[in-house]
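Enquirer:
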Amino acid sequence: MSVIKKELVLVLNLTKDFIAGRYKGVSKKSMIMVIAALIYLVNPMDIVPDMVLGIGLLDDISVFTYLMTKIKSEIDKYEEWALNNQH
């Protein structure tokens with residue numbers, strides 16, 4: 001699995017576990033950033049529309065990479081928690 005795909009799965013699972021109340025070890029600020037980034041990623045009409053071949057996904061990857069650098073420590077804590085709390 002590619003690194004970006006693995007991280008995206010982690011972020012999606014973090015979001016689901018946070019919303020369901022199963023995981024509370026992430027700051028509200030980080031969750032706001034996560035939700036904003038996810039909305040940006042699913043919106044096809046962002047800064048560079050996804051339909052623009054070749055470069056349309058670069059801004060999405062940049063936003064996601066920025067998110068991961070900002071919340072890396074919280075993602076690492078969540079990943080450890082998730083490994084120990086399989087549902």
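Numbering follows the UniProt record's numbering, in which position 12 of the sequence shown is assigned residue number 12; successive positions increment by one, without gaps.
Note that the Cβ used here is the ideal one computed from N, Cα and C, for glycine as well.
Predicted, not measured: the structure shown is a model, and the values here were computed from it.
Cβ of residue 10 within 7 Å of Cβ of residue 74?
Expert: The residue you call residue 10 lines up with position 10 of the sequence shown. The residue you call residue 74 lines up with position 74 of the sequence shown. Not in contact: residue 10 and residue 74 (Cβ atoms no closer than 7 Å).
Enquirer: Taking the C-alpha atoms as reference points, what is the distance between residue 6 and residue 47?
Expert: Indexing the sequence shown from 1 puts residue 6 at position 6. Indexing the sequence shown from 1 puts residue 47 at position 47. Distance between the alpha carbons of residue 6 and residue 47 is about 25 Å.
Enquirer: Give me the Cα-Cα distance between residue 49 and residue 39, rounded to the nearest whole angstrom.
Expert: By 1-based counting over the sequence shown, the position of residue 49 is 49. By 1-based counting over the sequence shown, the position of residue 39 is 39. For residue 49 and residue 39, the distance between alpha carbons rounds to 14 Å.
Enquirer: State the start and end residues of the unbroken alpha helix (DSSP H) segment that holds residue 91.
Expert: Residue 91 lies beyond the stretch modelled for the chain, which goes from 1 to 87, so this question has no answer here.
Enquirer: Does residue 55 come out as helix, strand or coil in the three-state DSSP assignment?
Expert: On the sequence shown, position 55 is the one that residue 55 refers to. Coil.
Enquirer: Checking 7 Å against the spacing of the C-beta atoms, do residue 18 and residue 31 come in under that value?
Expert: Against the sequence shown, residue 18 aligns to sequence position 18. Against the sequence shown, residue 31 aligns to sequence position 31. Yes, the Cβ-Cβ distance between residue 18 and residue 31 is below 7 Å.
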